[in-house]
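Which chain is which? The protein sequence lines are A and B, in order.
The first sequence: position 213 = 563 (the numbering used here), numbered continuously.
The second sequence: position 616 = 618 (the numbering used here), numbered continuously.
Idealized CB from N, CA, C, for every residue including glycine.
Predicted model only: the values in this text are computed from it and were never measured.
For reference, the structure discussed in these notes is given below.
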Amino acid sequence: MQMKWLKALLCVVVLGTFTACSDDDNNKFSVDPDPLISNAGTYILNTGGWGANNASLQHYSFSDSTISSDLFAAQNGYGMGDLAEDMVEYGSKIYVTLNNSAKVEVLDRSGKVIQTIYPTNDAGEAVKPCYLEAYAGAVYFTNYGGMVSRIDTTSLTITGSVVVGDHPEGLAAANGKLYANISGYGSGTKVAVIDVTSFTKTKELDVLLNPYTQSIAADDGYVYFISSGNYAGSPSLTEAQYIYSTLQRIDPSTDVVTSIANASLIANRGTKMYCIYSEYYLPARYSIFELDLVTGAKKELTEIMQKVPSASTIDVNPSNGDIYVANTSYAAPNTMYVFNSDGTFKTSFQCGYYTAGAFFAKR
Amino acid sequence: MSQVHLALLSGALFGMLLQCPPSVKATENVPYGMFSSDSIFEKRSETKVSELNNVDVTARKVSPDVTSSTPLQTLDKADMQRFGALELSDAVKHFSGVQVKDYGGIGGLKTISVRSLGAQHTAVSYDGVAIGDCQSGQVDLSRFSLDQISKLTLSIGQSEDIYQTARMFASAAALNIETEAPSLNDGSSSLQTTLKVGSFGMVAPSLFYVRSLNNRLNISAYASYLRADGNYPFTMRNGIKLIDDKRNNSDIETYRSELNLFAKLSLRQDLKLKAYLFDSERGLPGSVVYDNSYAAERLTDRNYFGQLHYENRFSKKWKLKSSAKFNYSWQRDYSPQTSGTTDTHFRQTESYLSATLWGNPIKGLSFSLAQDLIYNNLHNTFTSCQFPQRYTSLSVLAASYEFYRFSVSSSLLHTLVTEEVKVGTASPRRTRFSPAFSLGWKPFVDSNLHLRASYKDIFRLPTFNDLYYTLVGNVNLKPEKTRQWNLGAAWSGRCGVFDYLSASIDGYFNRVDDKIIAIPTTFVWKMSNIGKVKTLGADLNLSAEVPVYDNWRIFFTGTYSFCSARDVTDREELTYDNQIAYTPKHSGTSSLSVQMPWLTLGYNVLATGERYLSSYHASDTYLKSYTDHSITLSRNFQWKTHSLRLQVDALNLGNKNYEVIRFYPMPGRNYKLTINYKF
């Protein structure tokens with residue numbers, strides 16, 4: 351009799367061991383009351399994986415070459431959200447677009463939230479914000495509602511929106527105008543021109559296929575942007591049909607568009623453009639080079655190419671010309687490599703997931 | 003749970019078994035050991051002639067789960083009812099060595115992965131013929147209702163049953179689903195009606211009608227409807243922020259129907275015909291995205307297939323079976339967004355033909371020859387669709403030999419695949435030979451202990467998505483290869499107070515090479531063969547039945563799986579030697595059921611240990627362990643030919659919105675009532 355119940359008890363014990371596996375909820379973030387932001391540094395924005403809710407913001411300090419942890423999480427106690435596309439530092443505030451979380455976070459320089467803006471369209475539906483440009487006292491951003499919207503920097507609310515086209519991406523401002531890349535989800539061939547004062551779309555410029563994320567108001571006064579083309583080298587295209595990824599330039603006084611060179615990602619300092627050129631189907635064309643905007647001369651940065659075989663971002667420090675390049679990574683967080691302005695290796699540090707780039711304060 | 007637990011558990015298990023006496027002598031009770039697959043039988047004592055008292059033979063035929071030379075697990079209808087399972091995935095979670103990737107809710111995607119190999123390595127067969135999806139390569143278990151499923155079998159490695167279609171030799175593991183086959187032959191009929199009602203607006207009525215037309219022809223017809231609102235509440239933490247929300251756009255409506263014809267053409271010839279229809283429309287709630295709960299994507303699935311099965315048992319030594327199947331699948335993905343609406347249609351067909359010849363020329367030796375031909379094609383409305391077509395030929399030569407208390411099986415599969423596309427380049431033609439071996443041994447004559455060892459070399463072809471999907475696809479992908487080694491022991495029998503006790507333990511080592519994963523490049527991802535995985539694991543199964551008091555019975559089943567699957571792709575990577583994504587090191591299930599004359603009470607636990615959502619391990623990729631407890635109560639009523647069964651289930655008693663897949667929370671505590679009436 352005793353044996354029988356002993357054996358029945360064994361069953362219960364076996365059952366019970368499984369319940370020992372459960373853990374209590376643990377709060378992964380602890381608020382850090384002492385922000386460690388030195389003035390000399392740059393912000394690293396990490397987009398995160400789609401649906402992974404792991405976008406993050408870090409600060410890299412020049413003086414001691416240290417990279418911070420996730421500032422947003424440390425300052426606010428929770429994760430920033432999903433798919434941080436772009437950020438801009440303006441006045442004393444940082445504006446970050448979270449594309450999949452459909453919001454713009456306005457933060458102070460330590461990463462603490464001042465205001466969260468949830469953009470909507472006329473029907474009151476949430477729209478996904480993409481790329482930012484700060485200009486003449488306001489912050490503008492493109493969004494997947496097909497619009498460019500304006501944020502007032504004192505009220506921190508959206509004070510106007512103008513419809514520009516399908517899937518607008520990169521945005522740059524010059525000469526009282528905003529230039530928005532109308533990607534058309536890969537089929538677009540226009541850049542929309544918006545007059546800042548009236549905040550209306552005045553015209554569309556014809557450009558090469560798929561003007562995408564890159565758009566810069568450069569130091570030389572021109573607006574430079576990239577059309578990604580049609581995935582040249584794709585097996586479903588003949589060579590005559592290839593449209594390569596091309597850097598183009600708009601003269602903001604005449605609105606004339608000129609093609610400059612083949613490139614995919616760009617960063618500007620003075621009269622130099624630092625470029626990554628990568629065609630998905632044509633890996634032999636991969637190149638990282640410095641382009642002289644005056645002479646058109648290309649200088650290939652071979653040491654960078656060796657160290658970063660699959661570059662995903664390029665940025666340049668406006669003060670000293672240091673070049674920041676991040677490498678794509680499969681599961682682990684990205685690594686940011688820092689090179690001197692002559693292309694020689696300086697240092698590297700680990701960032702977050704799917705780094706968007708290094709964002710320097712405008713001088 | 004640690005390795006200490008594992009050691010203690012297996013020690014306890016085998017400690018118990020060692021206490022069990024060997025089978026009793028022939029002059030007392032009929033020894034259960036006599037009914038196993040011995041070639042040499044025990045000699046009866048002839049020295050004494052005595053009259054035997056009437057004995058109740060309560061022996062049970064030894065389950066093939068124990069005698070099989072490769073790991074085999076079976077669940078029958080009674081087992082599934084004890085687990086309170088509503089869907090196929092609920093029942094399958096009770097197998098050892100299995101991870102079900104569950105995206106939550108009734109309409110959520112559920113796929114089965116065996117020993118961390120992934121869903122595309124598990125074949126799913128429905129009444130003998132494989133269910134396939136050439137586009138994704140995985141089967142969504144949520145489309146099967148358990149109403150007319152009578153048996154589920156999971157076979158890991160190559161099953162020693164060599165009388166199968168060639169396709170059943172072509173996967174690392176196989177889940178076989180068998181539906182109820184009518185056994186009437188006297189012109190009678192029976193009708194079964196079931197109604198299931200549950201939380202979140204779930205209502206599921208179904209009808210199952212069986213009729214014997216004459217002593218040669220039976221038909222069965224099944225029809226069911228399922229609807230659910232599915233918008234269950236959940237909570238989730240984002241640091242100090244608590245997300246307290248409801249799933250949104252989670253409704254589902256499904257129609258299923260099936261018609262089967264069973265014909266006995268002669269004493270030796272059988273013919274079975276099946277027509278199947280599945281039509282479902284559901285909302286896709288998507289993953290939880292911080293600050294954005296918008297979800298409006300709709301998925302419509304229509305699947306029709308017809309299959310024919312013919313068998314001719316020429317003699318005791320020769321038999322042939324043949325199948326033919328045509329499958330049509332249509333899917334519509336409708337997604338309204340503020341950036342515009344996308345409406346994509348997908349259409350796949352599969353045509354399948356198979357023949358297997360089996361022979362038993364001399365005692366103990368049997369062999370089989372199987373040939374399968376498969377044609378798949380895909381259309382979708384993407385502008386980049388290449389309209390791929392795939393022609394596959396599978397040929398198998400298998401042999402099995404039994405001598406003394408050994409059984410040896412081996413098979414060789416030859417695969418030939420060619421593809422064509424209307425646009426662009428097709429994947430190159432591929433051929434490969436895949437061997438498998440297994441050895442079974444019953445070391446003691448008077449004990450039901452079986453030892454087993456097996457090896458299987460098999461692969462999975464890249465799916466149409468892997469090869470041809472817009473941009474991401476890579477036509478030069480090679481098949482993903484696996485090699486499995488398994489060593490195990492199984493035992494069953496009576497033991498002391500246990501009317502039935504069965505235990506098995508298997509240790510395994512797997513290697514995966516050319517694993518297909520998506521690698522990011524500057525703007526886009528690309529499918530590549532760059533993964534390598536090494537897995538070491540163990541699966542334990544225990545089941546027991548104890549009669550208590552007069553007519554009470556206690557049933558217990560428990561499983562425990564240990565799986566250490568490490569990413570050994572690149573020594574330089576930060577992911578090197580880490581446990582791969584979504585694979586817990588420890589997991590297990592437990593089910594205790596007390597059958598009393600007036601009520602049956604069951605208690606089930608599913609436990610999954612900690613895991614990481616990628617092979618990069620950090621606090622932000624860590625997923626904690628969880629347990630899912632449930633209770634079921636049921637009662638059968640019977641008078642004359644009518645029977646009524648009532649069952650109430652309370653699921654996820656802990657009310658935790660645990661996540662199997664990150665950001666897809668599971669429903670909290672929910673309830674189900676099942677009424678089944680048969681007349």
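DSSP lists no bridge partner for Glu574(B).
Counting the other CB atoms within 10 Å of its CB gives Thr69(B) a total of 16 or more, which places it among the buried residues. Considering only beta carbons, the part of the stretch 402 to 434 of chain A lying closer than 7 angstroms to chain B consists of Asn403, Asn404, Ala423, Gly427, Tyr428, Gly429, Gly431, Asp432, in chain order. A Cβ-Cβ distance of about 7 angstroms is found for the pair Lys458(B) and Ala174(B), placing them in contact under the 8 angstroms criterion. Residue contact check for Ser660(A) against chain B: a CB pair falls below 8 angstroms. Under a 10 Å Cβ-count criterion, Arg392(B) is classified as buried, with 16 or more other Cβ atoms of the shown protein chains found around its own Cβ. Burial state of His96(B) is buried, judged by a 10 Å Cβ sphere holding 16 or more other Cβ atoms. Distances from the CA of Ser506(B) to each of Lys103(B), Asp515(B), Val550(B), Arg454(B) were compared; the closest alpha carbon is that of Arg454(B). Under a criterion of Cβ atoms nearer than 8 angstroms, the residues of chain B adjacent to Lys453(A) are, in order, Asp293, Asn294. Remark: C-beta atoms of Arg485(B) and Arg513(B) approach each other more closely than 8 angstroms. Using a 10 angstroms sphere on the CB of Val526(B), the tally of other CB atoms stays under 16, which defines it as exposed. In this structure, Tyr631(A) keeps its C-beta atom at 8 angstroms or more from the C-beta atom of Asn612(A). Put simply, the stretch 652 to 672 of chain A does not touch the stretch 599 to 613 of chain B. Fewer than three CB pairs are less than 8 angstroms apart. The bridge partners DSSP lists for His347(B) are Arg334(B). Setting aside the 5 residues that flank it on each side, Asp420(A) is surrounded in the same chain by Ser406, each with a C-beta closer than 6 angstroms to its C-beta; the list follows chain order.
Around the C-beta of Ser317(B), fewer than 16 other C-beta atoms lie within 10 Å, and the residue is accordingly described as exposed.
Residue-level contact check: Glu475(A) touches chain B, since one or more beta carbons of chain B fall below 8 angstroms from its beta carbon.
Under the Cβ criterion of 8 angstroms, Asn450(A) is counted among the residues facing chain B. The residue among Arg258(B), Glu313(B), Thr465(B) with its C-alpha nearest the C-alpha of Ala121(B) is Thr465(B). Proximity of chain B to Tyr594(A) at the Cβ level (cut-off 8 angstroms) is not reached, the minimal Cβ distance being about 14 angstroms.
In the three-state DSSP reduction, Tyr636(A) falls in the strand class (E or B). Interface flag for Lys517(B) against chain A is unset, since no Cβ pair is found closer than 8 angstroms. Assignment of Gln700(A) by DSSP, reduced to helix, strand and coil, places it in the strand class.
Sixteen is the threshold: when 16 or more other Cβ atoms of the shown chains lie within 10 Å of the Cβ of Gln194(B), as they do, the residue is buried.
Annotation: Tyr410(A) is outside any alpha helix (DSSP H); the continuous beta strand (DSSP E) that includes it extends over 406 to 411. Annotation: Asp281(B) to Ala711(A) spans about 57 angstroms, alpha carbon to alpha carbon. Per DSSP, Glu162(B) lies in no beta strand (DSSP E) and is assigned neither H nor E. From the beta-carbon of Asp516(A), the residues of chain B found nearer than 8 angstroms are Ser341, Gly342.
A Cβ-Cβ separation of about 10 angstroms leaves Thr550(A) out of contact with Val514(A) under the 8 angstroms criterion.
Listed along chain A are Ala681, Ala682, Pro683, each with a C-beta nearer than 8 angstroms to that of Tyr618(B).
Looking only at Phe695(A), Asp472(A), Asn618(A), Val688(A), the smallest Cα-Cα distance to Pro668(A) is reached by Asn618(A). Contact annotation: in the stretch 464 to 497 of chain A, residues whose CB is within less than 9 angstroms of a CB in chain B are Thr466, Tyr468, Thr470, Asn471, Ala473, Glu475, Ala476, Val477, Lys478, Asn493, Tyr494, Gly495, Gly496. With a threshold of 16 other beta carbon atoms within 10 Å, Ile532(B) falls short and is exposed. The beta carbon of Tyr278(B) is closer than 6 angstroms to those of Glu260, Phe307 in its chain, skipping five residues each way along the sequence.
Contact check between the stretch 209 to 221 of chain B and the stretch 248 to 266 of chain B: three or more CB pairs, one atom from each, fall below 8 angstroms, which counts as touching. With respect to Tyr584(B), Lys103(B) sits close: the two C-beta atoms are nearer than 8 angstroms.
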